[in-house]
Every structure is written in C-alpha cells, then in structure tokens.
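K.L.:
Let me begin by handing over the structure; questions about it come next.
Numbering (our numbering), first residue to last: 579 to 805.
Put into structure tokens, the structure is as follows:
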C-alpha cells in the first residue's frame, strides 16, 4: 500500500512517515501542495494524508484537483489532517472530496485505524483480518498465518503479502507491485521485486504453502486461492 504524506512540518511529516513505514507501508513525503501535485501526476498512490495548511496553497485545492482528474486518473483515498476543527471546515473538506477527516493533534493508532478503514472500502473481504484460502492476515496486529502457522515476515514481505491478498487471483506485474508496495526511492532497474517475492515464497513454503504465489510468464505474479 503506497501512501503520500503531504505535510509542511518536517518533524511531524517524518514521524508519520517513519511510523507508517514500520507498519509496512511504502511512504513518500511532500512538504508543499505543488510538490504533492507533481507526485500525484506520476505515481499511483493508494492513500493520501493531506494537511490543509500548506505554505503555497490550501490543501483543499490539492484535493479538488485530485478529484477533478486534473492530476491523474486515480481513486486514491484522501485523509485530511488539520488543526481546523470546526464543523464547517470538516463539512467543506468532505464536500471537496476527502474520504475522512482527522483533527490535529491525533494519536498515531487512530491514524493507522483510519487508514486501514479507507484502504478496505473497495474490497469487501479486506477487513482488519483477511483470509484467502489457508492464508490469514490481521492488519491491526500486523501478523500473518498459513493454516494457523505464524509467518515470520519482514515489513516489506508483509506489505507484499497483503497486496497479493487484496488482489487475489489477479495477475500483478512487477511494475504494479513496485508502484504500490515500494516508495519513490526504489530502483525500477533492480530485481528487488523478484527477490522479495522469492523470500516470501520460501517462508510460505516452510509452513506448507506450496505454489501459493505463481509466476505468470511474461506478465507477473498471481496469488492462487487454494482450498
């Protein structure tokens, strides 16, 4: 899951980004509205954490541009983060196209819970706990199992497995995985996706999950929904 954090306070932006990365998310940071729009034009973000008090524009302008299709053809979810706590401000933000609104200061666990809720809106089966065949994953606890056997995964392996489970049965290209599971600093010319998929497969195999992730030659990878 790839997230853009739009926040002009460096300490807060880095604290949010660090916390989200520890949870397995791929995170990019933009300190201004202009930089945020540049990033949104070229990267397929799943979620945007959007501050409203930006140095160059109101964050609502970014949200309106995103929803108008001016930046990209995307269905990225928007969580507005702001100290503006009046009813009128909250209503205006939602009317501009935000999916949720969180008032500063906030507790990081609440931010995580809201992001989890937003990320599963379009996937009926993707609650805090997901199950695909013998695989199970609890996003709130950041734990995963195969037939009740725990999987000891790195943050990136966990994020990769979660993305596969969200899109079970779909053929996912290496480019799509790189776009949604890694951040903007990932080198598209390395074999990082192949290596991480290989490591995930090895750990799945150790629990008895044979051929859960199959290679589709010339196209990418697919999570097979085994009975």
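Where is the CB? At the ideal position from N, CA and C, for every residue including glycine.
How is residue 788 classed by DSSP in three states: helix, strand or coil?
P.N.:
Translated into the one-based positions of the chain shown, residue 788 becomes position 210. Coil, per DSSP.
K.L.:
Are the segment 749 to 767 and the segment 612 to 623 touching, with three or more C-beta to C-beta distances below 8 Å?
P.N.:
Taking 8 Å as the limit for Cβ pairs, the verdict is that the segment 612 to 623 does touch the segment 749 to 767.
K.L.:
Could you check what DSSP says for residue 777 in three-state terms: helix, strand or coil?
P.N.:
To locate residue 777, count along the chain shown from 1; it is residue 199. Helix.
K.L.:
Less than 6 Å between C-beta atoms, sequence neighbours within five positions excluded: which residues of the same chain meet that for residue 800?
P.N.:
The sequence position of residue 800 within the chain shown is 222, counting from 1. Result list for residue 800: 749, 792, 794, in chain order.
K.L.:
Inspect the beta-carbon positions of residue 764 and residue 803 and report whether they are closer than 8 Å.
P.N.:
Taking the chain shown and counting its residues from 1, the one referred to as residue 764 is at position 186. Taking the chain shown and counting its residues from 1, the one referred to as residue 803 is at position 225. Against a cut-off of 8 Å, the Cβ pair of residue 803 and residue 764 comes out as no contact.
K.L.:
Kindly give me the distance between the Cβ atoms of residue 614 and residue 656, rounded to whole angstroms, as I take these residues to be in contact under 8 Å.
P.N.:
Numbered from 1 along the chain shown, position 36 holds the residue referred to as residue 614. Numbered from 1 along the chain shown, position 78 holds the residue referred to as residue 656. That pair is no contact at about 11 Å.
K.L.:
CA-CA distance, residue 609 and residue 590?
P.N.:
Taking the first residue of the chain shown as position 1, residue 609 is located at position 31. Taking the first residue of the chain shown as position 1, residue 590 is located at position 12. If you take the alpha carbons of residue 609 and residue 590, they lie about 11 Å apart.
K.L.:
If you reduce the DSSP assignment to three classes, tell me which class residue 741 lands in.
P.N.:
Within the chain shown, residue 741 is the residue found at index 163, counting from 1. Note: residue 741 maps to helix in three-state DSSP.
K.L.:
Taking contact to mean 3 or more Cβ pairs, one atom from each stretch, closer than 8 Å, check whether the segment 766 to 780 and the segment 712 to 719 are in contact.
P.N.:
No, because fewer than three Cβ pairs between the segment 766 to 780 and the segment 712 to 719 fall closer than 8 Å, the two stretches do not touch.
K.L.:
So, does the segment 721 to 740 touch the segment 624 to 635, judging by three or more C-beta pairs under 8 Å?
P.N.:
Segments in contact, no.
K.L.:
Out of 588, 606, 601, which has the shortest C-alpha to C-alpha gap to residue 581?
P.N.:
Stepping through the chain shown from its first residue, residue 581 is reached at position 3. When only C-alpha atoms are compared, the closest one is 606.
K.L.:
Contact check, residue 659 vs residue 682 under 8 Å by CB: the rounded distance?
P.N.:
For the purposes of this step, residue 659 is taken as residue 81 along the chain shown, with counting starting at 1. For the purposes of this step, residue 682 is taken as residue 104 along the chain shown, with counting starting at 1. The Cβ separation is near 6 Å, so the contact holds.
K.L.:
Could you check which residue in 594, 654, 597 has the C-alpha nearest to that of residue 617?
P.N.:
Stepping through the chain shown from its first residue, residue 617 is reached at position 39. It is 654 whose Cα lies nearest to the Cα of residue 617.
K.L.:
Are the Cβ atoms of residue 601 and residue 594 separated by less than 8 Å?
P.N.:
Counting from 1 along the chain shown, the entry for residue 601 is found at position 23. Counting from 1 along the chain shown, the entry for residue 594 is found at position 16. Cβ distance not < 8 Å, so residue 601 and residue 594 don't count as in contact.
K.L.:
Under the rule that 16 or more other beta-carbon atoms within 10 Å means buried, what is residue 604, buried or exposed?
P.N.:
In the chain shown, the residue the question calls residue 604 occupies position 26. Buried, by the Cβ-count rule.
K.L.:
Quick one: Cα of residue 644 to Cα of residue 662, how far?
P.N.:
Here residue 644 refers to the residue found at position 66 of the chain shown. Here residue 662 refers to the residue found at position 84 of the chain shown. If you take the alpha carbons of residue 644 and residue 662, they lie about 21 Å apart.
K.L.:
Per DSSP, residue 627 is paired with what?
P.N.:
Here the question's residue 627 lines up with position 49 in the chain shown. Residue 627 is bridged to 583, 657.
K.L.:
Would you kindly report the start and end of the unbroken alpha helix (DSSP H) that includes residue 639?
P.N.:
In the chain shown, the residue the question calls residue 639 occupies position 61. Counting along the chain, the alpha helix (DSSP H) containing residue 639 begins and ends at 637 to 646.
K.L.:
Note the first and the last residue of the continuous alpha helix (DSSP H) segment covering residue 716.
P.N.:
Residue mapping note: residue 716 aligns to position 138 of the chain shown, counting from 1. Unbroken run through residue 716 is the beta strand (DSSP E), 713 to 716; no alpha helix (DSSP H).
K.L.:
Have a look at residue 647 and residue 675 and give me their C-alpha separation to the nearest angstrom.
P.N.:
The count along the chain shown starts at 1 and reaches residue 647 at position 69. The count along the chain shown starts at 1 and reaches residue 675 at position 97. Using only the alpha carbons, I get a separation of about 12 Å.
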